[in-house]
Amino acid sequence: MTGGPVTKVDATGGPVTVVAGGVRVAIRLTPKASRDRVEQVVADACGNQALKATVTAVPEDGKANQALLKMLSKEWKVPKSTMEIVQGATDRRKVVFISGDAAELADRLDQWMAKRS
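For the sequence shown, position 42 (counting from the first letter as 1) is numbered 42 according to full-length UniProt numbering, and the numbering increases by one without interruption.
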């Protein structure tokens, strides 16, 4: 597992947090959807932000989690082997850790989110 937060990627407290050894991304996953996609940043009742994602896979035996990692890997162009779900394996709210150069990953995700907004 990774250490605590080092710095936020953006001042708004967005879903991406830079930590030792990589970045953590907060995800709100909806399984059994009509298609696989990463949508927009959403806030929960407490004001915490997360990326909203949907997958067609069912939430059984980790199928939805595996579909999420595969989709994120393809979308963000990072190896699936560098990604793991570190919180929320059986919950809709998840935290995905991506290992690697934290600054480079944070920059890549910032650029990806800027294109989507």
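The C-beta atom is built at its ideal place from N, Cα and C for all residues, glycine as well. Predicted, not measured: the structure shown is a model, and the values here were computed from it.
Cut-off 6 Å between Cβ atoms - residues of its own chain near Arg116, not counting five sequence neighbours on either side: Result list for Arg116: empty, nothing under 6 Å.
Test item: CB-CB of Ala53 and Leu69 under 8 Å: No; because the gap between Cβ atoms is not below 8 Å, this pair is not in contact.
Buried or exposed (CB count within 10 angstroms, at least 16 for buried), Thr12: Residue placement at Thr12 cannot be trusted, given a pLDDT of 46 that sits under 50; what the coordinates show is reported in the next sentence. Its Cβ having fewer than 16 others within 10 Å, Thr12 is exposed.
Selection from Phe97, Val58, Asp91 that minimises the alpha carbon distance to Pro15: When each option's Cα is compared against that of Pro15, the closest is Phe97.
Beta-carbon proximity list for Ala43, same chain, < 6 Å, skipping 5 on both sides: Hits under 6 Å: Gln49.
Val9 versus Arg35: straight-line alpha-carbon distance, rounded: In this predicted model, Val9 has a pLDDT of only 40, less than 50, meaning its place in the structure is not dependable enough to derive any value.
Outcome for Val23 when other beta-carbon atoms lying within 10 angstroms are tallied against a minimum of 16: By the 10 Å Cβ count, Val23 comes out buried.
Arg108 versus Pro31 - alpha carbon distance: When rounded, the distance between both Cα atoms is 26 Å.
Residue interval of the beta strand (DSSP E) (run including Ala26): Element bounds for Ala26: 22-30.
Identity of the residue in Arg37, Leu72, Asp61 nearest Val95 by Cα: Measuring from the Cα of Val95, the nearest candidate turns out to be Leu72.
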